[in-house]
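What follows is a single structure, written as structure tokens, with notes after it.
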Amino acid sequence: MELCSESLRNILKHKPKEFGRQSGESMNCYESFTETSNSTIRRINELLRIIHRDLKPHNILIDRNGRNGRFVKLCDFGLATLHDKSKHTSDVGTIGFIAPEVVEGLKYNNKCDFTTVFVK
1 MELCSESLRN ILKHKPKEFG RQSGESMNCY ESFTETSNST IRRINELLRI IHRDLKPHNI
61 LIDRNGRNGR FVKLCDFGLA TLHDKSKHTS DVGTIGFIAP EVVEGLKYNN KCDFTTVFVK
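Mapping the sequence shown onto full-length UniProt numbering, position 60 (from 1) lands on 60, and the numbers just tick up by one.
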């Protein structure tokens, strides 16, 4: 297991301190983390056919790399499942970060991962 220096939760909580910005200033690095996270989630959903089902800022880790600055890693795959042609109905995840279709007990697919992390 690797140790990462930050989580997206900590960066959002301490963004003025972390990036040396004032509270009202724009946060372009947040957009970069969001884009990278989105790409990573899409990759595990489409290529590996995995639904994470517990994505939240706590589970998006950011580490520093000497070559290209910071990079994003996903963690906590304890509730993850393989996605097949049938729809899933298990009500799993962290309260406050569960997609509406999961909370309502409706059938869902891999797209629920995008709702949980990017809508909050």
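A virtual CB, placed ideally from N, CA and C, is assigned to each residue, including glycine.
Worksheet item: With burial defined as no fewer than 16 other Cβ atoms inside 10 Å of the residue's Cβ, what is the status of Asp-91: buried or exposed?
Response: Answer is exposed; the Cβ neighbour count stays below 16.
Item to complete: Just grab the DSSP bridge partners of Glu-6 for me.
Response: For Glu-6, which the question treats as bridged, DSSP gives the partners Ile-62.
Discussion item. Let me make sure I understand the geometry here. Which of His-83, His-58, Asn-109, His-88 has the alpha-carbon closest to that of Leu-74?
Written reply: Proximity to Leu-74 across His-83, His-58, Asn-109, His-88 peaks at His-58, based on C-alpha coordinates.
Practice prompt. Compute the distance between the beta-carbons of Gly-62 and Leu-3, then report whether it is under 9 Å.
Written response: Just to set this straight, residue 62 is Ile in the shown sequence, not Gly. Cβ atoms of Ile-62 and Leu-3: not closer than 9 Å.
Practice prompt. Within 10 angstroms of the Cβ of Val-103, are there 16 or more other Cβ atoms? Answer buried if so, exposed if not.
Written response: So Val-103 counts as exposed.
Discussion item. Within a Cβ cutoff of 7 Å, which residues of the same chain sit near Gly-105, ignoring the five residues on either side of it in sequence?
Written reply: Closer than 7 Å at the Cβ level, and outside the excluded window around Gly-105, lie Thr-89, Asp-91.
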